[in-house]
Each structure stands twice: as C-alpha cells, then as structure tokens.
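Following this note's numbering, the numbering of the sequence shown begins with -11 at its first residue and continues without gaps. Below is one structure, written out as structure tokens; the observations come after it.
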Amino acid sequence: LGNKSKAYFHLEESRKLRNQLDQIRHNIAISKKQPELKVQIEFEEQEATLNGLTGKNSTLRKQLLILISILGIITIILFLNYYLFKRYKKKSSVLEKEKSEILQKLDELKNIVIKNHIILKDKTKIYISDLLYVKSDGHYLNIFLSNGKNHFVRGKLSRLKEELPPNFIQCHRSYIVNANFIKQINTNSIILINKERIPLSRGYKDKF
C-alpha cells in the first residue's frame, strides 16, 4: 500500500509537470505569434492608409483632368472671341472707309445738284452755270462769265476751287475752267466755246 501511494504521488507529480510544460509551450507559442499579429495589424493599417491615399490620388487626378478640360475650353473661347473681334474690327474699318467715301460722293453730288451759285467777298452773287473760267492774279481772282462780264475780287484760287462742283477743273496753276464750256483741248492750251484760249500745263493734262 505504501508503494502504491508513492507511485500514485509520482504519477500525479509527473502529470502536473507535463501540464506545466504544456502551458509553458503554449505561452511560448503565443508569445511568438504576438509579433506576427502586431506586424499583420500594422500592415493592414498601412494597407488601409495606402488605399485611402490611392483613392484621394485618383480623386485629385479626376479633378485635375476636369480642370484641364475647363481651361482648354476657356482658352478656345478666348481665342474665338479674339478672332471674331479682330474680324469685326477689320470689317468695321472697311465699312467706315466705304461710308466715308459714300458721304464724300454725296457731298459732291449735293454740290452739283443744290449749290447753283457762289457769293464773292464783295457780296456779288455768281451763278455757277454762268461761270466760264477763273484766273488767279497774285492775291486777286478775275472771274469771267459767259455773258462777257468779269469780276475782280481778292481771294485764293485754291479756296474758290473748294466751293465749285467737280466740272470745274484746274488746268494751270493760275486757271480753273468750266468743263461745260470747253470746245477743244490741244497740247498746251484749251479753247472755249467763245474761242478764248486758256493755257494747259503738263502737270494738269491727266485731269482731262
């Protein structure tokens, strides 16, 4: 009986020792797994952070593409506006020039149709249809009429020419002649219907 008790005691002690060893092995295994678990958790956290950054990067890239597209559209619109403005400005300039020319022609026509007389500085009224030619003599003008009369007044030939219609042509630096009374044009002279001879300078021939 005493030996049995000892054997049982040793058996029980041996079992407790095995349990302790198993517990130690289990603890060692857990302690070994903890760093791996910690690393795995950190990896998962970093992976989640990386996924978040990737998502943000993708969003920023989309926003950047949208912004570039908008800037491209704005650039095209600005270019078109500049092109249309330049085209309008050029067309406007041409129209303005044409308008100016038309107004000038209208003024010339108005002078022909409406203005049938001029007033000299001495208040003499001269009908344009009666004006044969004008001769400049220094600071004075000698105005010859179709009825044979003439008027001698102070004035400039260039100033009087501005008041006369286009049928009055300068043929010499000192003469303006009414083309309606011209009978013949020679090399260096003009003969009027009343047979008067008016000098014709070389520089004014192209006007006839």
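Where is the CB? At the ideal position from N, CA and C, for every residue including glycine.
8 Å Cβ cutoff met for residue i and residue j
i	j	result
R142	K113	no
N169	I181	In the sequence as displayed, the identity of residue 169 is Phe instead of Asn. Yes, the Cβ-Cβ distance between F169 and I181 is below 8 Å.
L133	L119	yes
Spatial neighbours of residue i in its chain, beta-carbon cut-off 8 Å, leaving aside the 5 residues before and after
i	result
N104	Y115, I116, S117
N138	N130, I131, F132
Contact belief for residue i with residue j at Cβ below 8 Å, rounded distance in angstroms
i	j	result
I173	F156	That pair is no contact at about 15 Å.
I106	E151	5 Å
Y121	Q158	About 10 Å; that fails the 8 Å criterion.
Given residue i as reference, the closest of the options once Cα atoms are compared
i	options	result
T175	D194, K87, L59	D194
K123	K111, N135, S146	S146
P154	K137, K93, S177, K171	K93
Sequence-distant residues of its chain with Cβ nearer than 6 Å to residue i (five each side left out)
i	result
K183	none
A218	This structure leaves residue 218 out entirely; the chain is present only between -11 and 196.
K85	none
S57	none
7 Å Cβ shell around residue i - same chain, five flanking residues per side excluded
i	result
N135	D118
D125	none
K200	The displayed coordinates of the chain run from -11 to 196. Any statement about residue 200 would go beyond what the structure contains.
K44	none
S177	R185, I186, P187, L188
Any non-hydrogen atom of the ligand GDP closer than 7 Å to residue i Cβ
i	result
L145	As presented, the structure is devoid of all ligands, the ligand GDP included, so that no description of it is given.
How about the region 180 to 188 and the region 150 to 169: do they share at least three Cβ pairs that are nearer than 8 Å? Because the criterion of three Cβ pairs below 8 Å is met, the region 180 to 188 and the region 150 to 169 touch.
Okay, do the region 137 to 156 and the region 113 to 129 touch, 3+ Cβ pairs below 8 Å being the bar? yes
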